[in-house]
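Enquirer:
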Amino acid sequence: MGNIFLADDAFGPEVIQALRHRPLPPDVRVRDFGIRGLDLAYELLDGYDTAVLVDAAPRGHEPGTLSLIAPEPPDPTTGTAAPPEAHGMDPAKVLALAAHLGEGPLPRVLVLACEPQVRPRGDEDIMPGLSAPVRAAVARAVEALHTMVPVLLADPAATPPLGRPEENTPAPTAGLPHLAAGAAEDR
């Protein structure tokens, strides 16, 4: 997930590009949704056991730090699902929309998040390019996915570890926009 024109928000698409040189097993579907939240919401309804979203997310860590977040699944019976934004990807809204659209439970969703260093301000429309710490995190994210995926394929309910101890340290959930405190946790 992410916008390739908004600095470190391009982390997710950059990881997907890097996976082309080091693919995951053939029974794993890798897709770049960019900012297409509606497409992702429908894809989550396609019978997956687990979905790992790769995104930049401010969590209060050092820039480039990876976190594994396990958001609480949304309750499809509460309220109405707000449509995803046309030029943005709010994971909480996408999950809520998918829960609203689907007839059964959503797959387990994990977010492999990278702490951004550069985020555009409201007056900046285009800021291409990753910051140095986020650029360095791309290779670590590919490695983390290669560690996590076999664990998840063997047991979709498993909690896969990340490769470095600082990636597993707790961070305040308030740092993740649009999720209430206690609704997500770092692993």
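So in my numbering the end of the sequence shown lands on 208, straight run, no missing numbers.
In this text, a Cβ means the ideal position worked out from N, Cα and C, and glycines have one as well.
Treat the numbers as computed from the prediction; the structure is a model and nothing was measured.
Do you know how far the Cα of Asp48 is from the Cα of Phe26?
Expert: Whole-angstrom Cα-Cα distance: 31 angstroms.
Enquirer: Rank Arg156, Asp60, Leu66, Leu89 by C-alpha distance to the C-alpha of Thr180 and give the top, closest one.
Expert: Selected option, being the one with the closest Cα: Leu89.
Enquirer: Quick test of the definition: if touching needs 3 or more C-beta pairs under 8 angstroms, does the stretch 27-38 touch the stretch 143-157?
Expert: The stretch 27-38 is in contact with the stretch 143-157.
Enquirer: Once you ignore the five residues that flank Val115 on each side, which residues in its own chain have a CB closer than 7 angstroms to its CB?
Expert: Correct list, in chain order: Gly58, Leu61, Ala62, Pro105.
Enquirer: Can you tell me whether Pro177 is buried or exposed? The criterion is at least 16 other CB atoms within 10 Å of its CB, across all chains shown.
Expert: Exposed is the call here.
Enquirer: Measuring straight from C-alpha to C-alpha, what distance separates Val172 and Ala162?
Expert: So the alpha carbons of these two residues sit roughly 15 angstroms apart.
Enquirer: Quick one: give me the first and last residue of the beta strand (DSSP E) that Leu174 is part of.
Expert: Here Leu174 belongs to no beta strand (DSSP E); instead the alpha helix (DSSP H) covers 153-175.
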